[in-house]
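**Q**
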Amino acid sequence: MGALLLAAAPVDAATLRVGPGEAIARIADAAKQAKDGDVVEILAGEYRGDVAVWKQKRLTIRGVGGRPVLIADGESAEGKAIWVIRNGDFVVDNIEFRGARVADGNGAGIRFERGRLSVRNSAFHDNQTGILTANFEDAELRIEDSVFAEAPRQEHSLPHLLYVGRIARFEVEGSRFHQGQRGHLIKSRARRSEIRYNMIHDGPAGEASYEIDLPNGGHATLVGNVIGQSAASQNATVVTFGAEGDAWPDSRLELAHNTLLNEGLRPALFLRVWAERLPAATPVLTRNNLTVGLGVFTTTNAGDHAGNVPLPPGALGDPGILDFSLGADALLRRRAFPPAPSHLVPQAEFALPLGTRPLNPPARWVPGAFQTPRLGE
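Just so we're aligned: the sequence shown equals residues 10 to 386 in the working numbering.
1. Can you tell me whether DSSP reads Val-375 as helix, strand or coil?
2. Please classify Ala-117: does DSSP put it in a helix, a strand, or coil?
3. In the DSSP assignment, find the alpha helix (DSSP H) that holds Ile-36 and state where it starts and stops.
4. If we require 3 or more residues per run, which beta strand (DSSP E) segments fall completely within the segment 267 to 328?
5. Let's test the definition: count the other Cβ atoms within 10 Å of the Cβ of Gln-243 and tell me whether it reaches 16, buried, or not, exposed.
6. Would the beta-carbon of Asp-59 fall within 8 Å of that of Ile-33?
7. Closer than 8 Å is the cut-off here; do at least three beta carbon pairs connect the segment 365 to 372 with the segment 234 to 254?
8. Taking the CB atoms as reference points, tell me whether Ser-166 and Asn-115 lie closer together than 8 Å.
9. Could you give the C-beta distance for His-210 and His-187, rounded to a whole number, given that I count them as a contact under 8 Å?
10. Enumerate in chain order the residues of its own chain whose CB-to-CB distance from Ile-221 is below 6 Å, with the five nearest sequence positions on each side excluded.
11. Touching or not, the segment 347 to 367 and the segment 278 to 298, by the rule of three or more beta carbon pairs under 8 Å?
12. Identify which residue in Ala-43, Leu-264, His-134 has its Cα closest to the Cα of Lys-64.
13. With Gly-251 and Ala-217 assumed to form a contact (beta carbons below 8 Å), what rounded beta-carbon distance in angstroms separates them?
14. Could you check where the beta strand (DSSP E) with His-228 kicks off and where it finishes?
15. Inspect the beta-carbon positions of Pro-224 and Asn-317 and report whether they are closer than 8 Å.
16. Locate the beta strand (DSSP E) running through Gly-454, then write down its first and last residues.
17. So is Ile-330 buried or exposed if we call it buried at 16+ other beta carbons inside 10 Å?
18. Can you tell me the Cβ-Cβ gap for Gly-46 and Ala-22, rounded? I've got them flagged as a contact below 8 Å.
19. Count the other C-beta atoms from every protein chain shown that fall within 10 angstroms of the C-beta of Asn-144, then say buried if there are 16 or more, exposed otherwise.
20. What does the alpha-carbon distance come out to for the pair Gln-190 and Arg-71?
21. Please determine, among Ala-349, Ala-40, Thr-142, the residue with the shortest C-alpha to C-alpha distance to Ala-177.
22. What would DSSP say about Leu-25, mapped onto helix, strand or coil?
23. Can you have a look at Lys-89 and say buried or exposed, based on whether 16 or more other CB atoms are within 10 angstroms of its CB?
24. Does DSSP put Leu-170 in a helix, in a strand, or in coil?
25. With burial defined as no fewer than 16 other Cβ atoms inside 10 Å of the residue's Cβ, what is the status of Leu-278: buried or exposed?
26. From Tyr-219 to Arg-76, what distance separates their C-alpha atoms?
27. Going by other Cβ atoms of all chains shown within 10 Å of its Cβ, with 16 needed for buried, is Glu-122 buried or exposed?
28. Classify Leu-264 as helix, strand or coil using the three-state DSSP reduction.
29. So for Leu-361, helix, strand or coil by DSSP?
30. Excluding five sequence neighbours on each side, which residues of the same chain lie with their C-beta closer than 8 Å to the C-beta of Gly-83?
31. DSSP on Ser-351, reduced to helix/strand/coil?
32. Closer than 8 Å by C-beta to Ser-85: which residues in its own chain qualify, once you throw out the five before and the five after it? Chain order, please.
33. Between Ser-197, Arg-26, Gly-212, Ser-184, which lies nearest to Arg-205 when the distance is taken from Cα to Cα?
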C-alpha cells in the first residue's frame, strides 16, 4: 500500500507542548501558534470544548504520556468538527475524539478538507461522523491502527463512522469499526480505496446499515478483512459497490481473503454490485473469501469468482472474543484453493485489539481473513 509521507521537517522546526502546566494550555492556542514543520505534543488528559482549526501546510500532532481525550462538550470548529484540517500534510498520532455534534448532523472528530492526512493509533467514539472528508480530487487519507465506534442515535443525517468523499486515495489498515447506528461503518467515494486487515464487525450492540459502502465505484481493493453485520441491522446488504453510479473514469472491485459474516436470521447479500449503474463490464474479482451465515455472495454478481466458500452460522471461532479463525484441523485446510493475484495475497492479518501481525506465506492458503489457526490450537 502506498504510504502517505510528510516531507522532511525544516531544521528550525519547533516542538510545542500543550497541557496543564505547560506554556500552552489549550489546543486551540497551539493551532494558532504552530508553524509549518512543527511538532505539537498534547499531554494526556481530558480537553473539553477545546476545538481547533489547523491551517499549517505541514504538521505532526501527537499525544504523549498516554492518550489525550478531546471531548466536544457542545463546541465545534466552524460548525464542522472538533478539529478542522484545512490543507496540508498532517500526521495525527495517539489522539481520541469524542462527542462531536453540529446542527446539520455531520459533526466529525476530524473534518479533513484537503492535502494529505495520516491518522495513527487514534480513537473516534460517539461522533456523528468519526472522520469526514471534503471532495477535493487530489486529497489523500491513510488510517492505521485506529478505532471508530459508538455512533449516536439520531433521526436526521445518518451517522457514518467514517465518511470519505471524492478524493484521490483512501487507505485503512489494522483498524476496528463497530457499533454503528443506521448509517454505515465505512463509506468511501474515493477514486482508490484500499481496505486491508481490519475488523469491520458491527457487533451485538450495533445497528449499522451497510458495513462498507462504495457508492461511486472507483478502484476498490478489500483484502484480509472481517466484515460482519449484526442481527439488528435493518439492511440485508453487507458490502455494496456503485449504488449511486460511477464518478471516476474507471471502476474495479477486488475482494480476496475476507471473512464476511451475517449474524442474523434474514439472508444477507454479502456483496451487491450495482452493475446497471456502472460502465458495462466493470471488472469484479473475488478470491478465497469466506461467508458465514445465511446469504448469497457471488450468485447475483457477474465477475471472475473462484475459491469462495460459504459456511453455516456459528462455524468459526468465538464471536464473543472476536475470534473468526479456522481451527487447525478444519477440513478447509486440506483442500487446495486457487491462488489470488499477487497484489491480493495477504501480507498480514488483523491482530486484536488493534493493528496487524506479519503473515508468513503458509504451505497451503485457506479462504478467509486468517491463515493462523484458531486461538489456543
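No residue lacks a Cβ here, since even glycine has one placed at the ideal position from N, Cα and C.
**A** Let me lay it out:
1. coil
2. strand
3. That run of the alpha helix (DSSP H) goes 36 to 42.
4. 268 to 271, 277 to 282, 293 to 296, 299 to 301, 313 to 315, 318 to 320
5. Gln-243 comes out exposed.
6. no
7. no
8. yes
9. That belief holds up - the Cβ atoms of His-210 and His-187 are roughly 6 Å apart, short of 8 Å.
10. Ile-195, Val-248
11. yes
12. Ala-43
13. Actually they do not touch by this definition, with Cβ atoms about 20 Å apart.
14. Per DSSP, His-228 belongs to the beta strand (DSSP E) from 228 to 232.
15. no
16. The structure shown has nothing for residue 454, since the chain only spans 10 to 386.
17. exposed
18. Going by Cβ atoms, the distance from Gly-46 to Ala-22 rounds to 4 Å, so yes, they are a contact pair.
19. exposed
20. Roughly 29 Å separates the two Cα atoms.
21. Thr-142
22. In the structure shown, Leu-25 adopts extended strand secondary structure according to DSSP, grouped into three states.
23. buried
24. strand
25. buried
26. 30 Å
27. buried
28. strand
29. Coil.
30. Here the set comprises Gly-58, Arg-110.
31. helix
32. Val-60, Ile-91, Ala-109, Arg-110, Val-111, Gly-116
33. Checking every option, the nearest Cα to that of Arg-205 belongs to Ser-184.
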